[in-house]
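Novice: Numbering (my numbering), first residue to last: -8 to 651. Here it is, the structure in full.
Put into structure tokens, the structure is as follows:
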């Protein structure tokens, strides 16, 4: 009894220690481990993201230089002259010259973008199971709808322009409200606002562990995205108090259509009226179970806390039912679970002040981040763009043009030499005026040994500059792979049409690797679009978009359960393809294999809609016993008599039957 009382008194007076101090901390669950240091958690993520952003400084500088050369600002490189740094433009002007330029890069880019547009490629869906191929066209229709909604044809063209300038393009695929519509959207991401794990070496981007984007938005857009209650609105108003009060100021951009000079900083926006939000997607880790259900063949992951309900309980139930059915325990299909450390995508929306506006695991069924990116070429973590390859040729061309202009301006062109002894009563200025005047008269003194006034003109421009310019233009074509045939230049009179076509094809082959790499980027984006569409579109919307396409009874659940493969192929929406398809339909109609109505529904004829409406009206009139236009007089008479309904059916069938 005394021992029990003593033990009870000891328990009553025992000091309680914090569990976090006495229990070993596990960092397997990286998010839960970081939440133990809530005060510094956001700053740790910010510092990691900033280090990645700072390491991309050289890429941003190269992109800025490439963009300058592309759009004609080609004399801004800094040079050092007698210990003083200045731009090349300032140096040329200080010498009394004019910094001339002939922008060949812009013309080159327009040609490549024209080649891309002429391909007219679109993503197309194919079901992996041949029995589900009938759903492929219906799913492709969903993708085409989303592409039209996001105006992807224009997006792809402008993205190709960015691809040529910087070699790095990014899209953001997400679901939300825009333009009063709740749908799947595609956003172009400005590369200067994007950062990515610099340890990535896989050109497919599969080994990336951290990436994100810097958003500069106004306070109203900020509240629209993150404020779900008055308390959260007050919190945002307090965090972004400075930008909120500045929001009524006029934008600091001086002229519309021209970007302001930006001093890029990770934490602070140049525009004081904008609220900076830093979006970070990072690979986190936590323990999970990987399950293999031998009964269904499924492989899936579950949380550790769900192990008993989803594995132990299910296996116990199967053993009970199996033994009751006379099955041996070894022959009962169970769920096999393996513990492992899973890495998954986790997002953060952060303020520069260390606040977490929103966080969570990826909400997408594809379990990835919303970004699609492509770097070309990406070798050892380096990007070398298409424009960067021809900058040296552009610089040398500009130098030759400027030199040519300087020589012509400084060479003697019609200089008048007048001996002082020959000047008569006229002033030297009057002589200069009379010399350049039509029917001018100059009074001079003639004296033995004194030469007459004479004009001096020298041709000092033929010193090989023209040959050097032609050489640089040839280098432009050789280095870029865009020759005269691809640029649309007329061939020589001795060039055959076959040879010219072959030259054009060869030039396209030199660009094929870059174009196919961009198609791979389109492929990745379309795959993420499809995953989002199948996740967020409800059954009613899918049926509303697709309908009964080509006679297929659309089952949204079948579409979602099918395994899809997306390929980038030539679009059927080209004049050549339409002509081939229409000719084929005409041939099988003449052969009596299809009706006129089928030909108009499947074909692409400019008058198809009106003609189908007319046929539909005729069919409706025949069903009601009326006389439509275009029916033979004999059938008209029988229909008007109203006695022979076989005649009505005969006329109706005539419109439905194939050609005889």
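Here a beta-carbon is modelled for each residue, glycine too, at the ideal position from N, C-alpha and C. All values reported here derive from a predicted model rather than from experimental measurement.
Rounded to whole angstroms, how far is the Cβ of residue 265 from the Cβ of residue 259, which I believe are closer than 8 Å?
Specialist: Contact doesn't hold; Cβ gap of about 10 Å is too wide.
Novice: One question on the structure: do residue 313 and residue 323 come within less than 8 Å of each other, judged by their Cβ atoms?
Specialist: Going by C-beta atoms, residue 313 is nearer than 8 Å to residue 323.
Novice: Just how far apart, CA to CA, sit residue 287 and residue 338?
Specialist: Each residue's Cα considered, the two are about 33 Å apart.
Novice: How close, in whole Å, do the beta carbons of residue 342 and residue 95 come, if the pair is a contact with beta carbons under 8 Å?
Specialist: Not quite, the Cβ-Cβ distance comes to about 45 Å (not below 8 Å), so this is no contact.
Novice: Counting C-beta neighbours from all protein chains within 10 Å, is the total for residue 515 16 or more, i.e. buried, or is it exposed?
Specialist: With 16 or more Cβ atoms within 10 Å of its Cβ, residue 515 is classed as buried.
Novice: Counting pairs of Cβ atoms below 8 Å between the stretch 502 to 522 and the stretch 108 to 115, do you hit three or more?
Specialist: Enough Cβ pairs lie closer than 8 Å, so yes.
Novice: Quick one: which unbroken beta strand (DSSP E) runs of 3-plus residues sit fully inside the stretch 8 to 80? Chain order, please.
Specialist: Listed in chain order, they are 69 to 72, 75 to 78.
Novice: Pull up the distance between the alpha-carbon of residue 654 and that of residue 459, whole angstroms please.
Specialist: Nothing can be reported for residue 654: it is not among the residues displayed for the chain, which extend from -8 to 651.
Novice: Report the rounded CA-to-CA distance for residue 435 versus residue 425, giving the unit in angstroms.
Specialist: Approximately 12 Å, taken between the alpha carbons.
Novice: Would you kindly report the start and end of the unbroken beta strand (DSSP E) that includes residue 352?
Specialist: Run containing residue 352: 347 to 352, per the beta strand (DSSP E) assignment.
Novice: Under a three-way DSSP split, which group does residue 382 fall into?
Specialist: DSSP places residue 382 in helix when its eight states are reduced to three.
Novice: For a minimum of 3 consecutive residues, which ranges assigned as the beta strand (DSSP E) are wholly contained in the stretch 100 to 154?
Specialist: With a minimum length of 3 residues, the continuous beta strand (DSSP E) runs that stay inside the stretch 100 to 154 are 112 to 118.
Novice: At least one CB of chain B closer than 8 Å to the CB of residue 509: is that the case?
Specialist: This model lacks chain B altogether, as it is built from one protein chain only.
Novice: Between residue 179 and residue 166, which are expected to be in contact by the criterion C-beta below 8 Å, what is the C-beta distance as a whole number of angstroms?
Specialist: Wrong, their Cβ atoms sit about 17 Å apart, outside the cutoff.
Novice: Let me make sure I understand the geometry here. Which of 430, 411, 416 has the alpha-carbon closest to that of residue 441?
Specialist: Comparing Cα-Cα distances from residue 441 to each of 430, 411, 416, the minimum goes to 411.
Novice: Measuring straight from C-alpha to C-alpha, what distance separates residue 502 and residue 550?
Specialist: Each residue's alpha carbon lies about 36 Å from the other.
Novice: In this structure, does DSSP put residue 204 in helix, strand or coil?
Specialist: Strand, per DSSP.
Novice: Please classify residue 44 as buried or exposed, where buried requires at least 16 neighbouring CB atoms within 10 angstroms.
Specialist: Answer is buried; the Cβ neighbour count reaches 16.
Novice: Between residue 505 and residue 596, is the Cβ-Cβ spacing less than 8 Å?
Specialist: Contact: no.
Novice: Please report the straight-line C-alpha distance between residue 85 and residue 52, rounded to a whole angstrom.
Specialist: Approximately 26 Å between the Cα atoms of the pair.
Novice: Could you tell me the distance, in whole angstroms, from the CA atom of residue 541 to the CA atom of residue 145?
Specialist: Reliability of the predicted coordinates at residue 541 is poor, the pLDDT of 48 falling under 50, and the value obtained from them is presented with this limitation in mind. Spanning the two alpha carbons is a distance of roughly 29 Å.
Novice: What is the rounded straight-line gap between the Cα of residue 399 and the Cα of residue 428?
Specialist: Their Cα atoms are separated by approximately 24 Å.
Novice: Could you tell me which of 211, 107, 385 sits nearest to residue 465, measuring between CA atoms?
Specialist: Comparing Cα-Cα distances from residue 465 to each of 211, 107, 385, the minimum goes to 385.
Novice: Is residue 340 near residue 349, with beta carbons less than 8 Å apart?
Specialist: Closer than 8 Å, so yes.
Novice: Rounded to the nearest angstrom, how far is the Cβ of residue 345 from that of residue 33, given a contact under 8 Å?
Specialist: At roughly 4 Å, the Cβ-Cβ gap stays under 8 Å, so residue 345 and residue 33 are in contact.
Novice: How long is the line joining the alpha carbons of residue 57 and residue 186, rounded to whole angstroms?
Specialist: Their Cα atoms are separated by approximately 19 Å.
Novice: DSSP three-state call for residue 328: helix, strand or coil?
Specialist: The answer is strand: DSSP assigns residue 328 an E or B state.
Novice: Report yes if the C-beta distance between residue 294 and residue 279 is below 8 Å; otherwise report no.
Specialist: Yes.
Novice: Would you kindly work out how many angstroms separate the C-alpha atoms of residue 302 and residue 309, rounded to a whole number?
Specialist: So the two alpha carbons sit approximately 10 Å from each other.
Novice: How many Å lie between residue 135 and residue 206 at the Cα?
Specialist: Cα to Cα, the separation comes out at about 29 Å.
Novice: Helix, strand or coil: which one does DSSP assign to residue 626?
Specialist: In this prediction, residue 626 has a pLDDT of 47, which is less than 50 and means its spatial position is unreliable; what the coordinates show is noted afterwards. Residue state, collapsed to three classes: helix.
Novice: Please classify residue 359: does DSSP put it in a helix, a strand, or coil?
Specialist: Three-state DSSP puts residue 359 in coil, outside helix and strand.
Novice: Does the separation of the CB atoms of residue 64 and residue 78 fall below 8 Å?
Specialist: In this structure, residue 78 does not lie closer than 8 Å to residue 64 by Cβ.
Novice: Do you know offhand how far residue 630's Cα is from residue 586's?
Specialist: Caution is warranted here: a pLDDT of 45 is assigned to residue 630, below 50, making its placement in the model unreliable, and the coordinate value is therefore given only provisionally. C-alpha separation (whole angstroms): 23 Å.
Novice: Identify, in the order they occur along the chain, each residue of the same chain with its Cβ nearer than 6 Å to the Cβ of residue 297, setting aside the five sequence neighbours on each side.
Specialist: Counting only Cβ-Cβ distances below 6 Å, and skipping sequence neighbours, we find nothing.
Novice: Select from 39, 192, 422 the residue whose C-alpha is nearest the C-alpha of residue 366.
Specialist: With distances taken between Cα atoms, residue 366 lies closest to 192.
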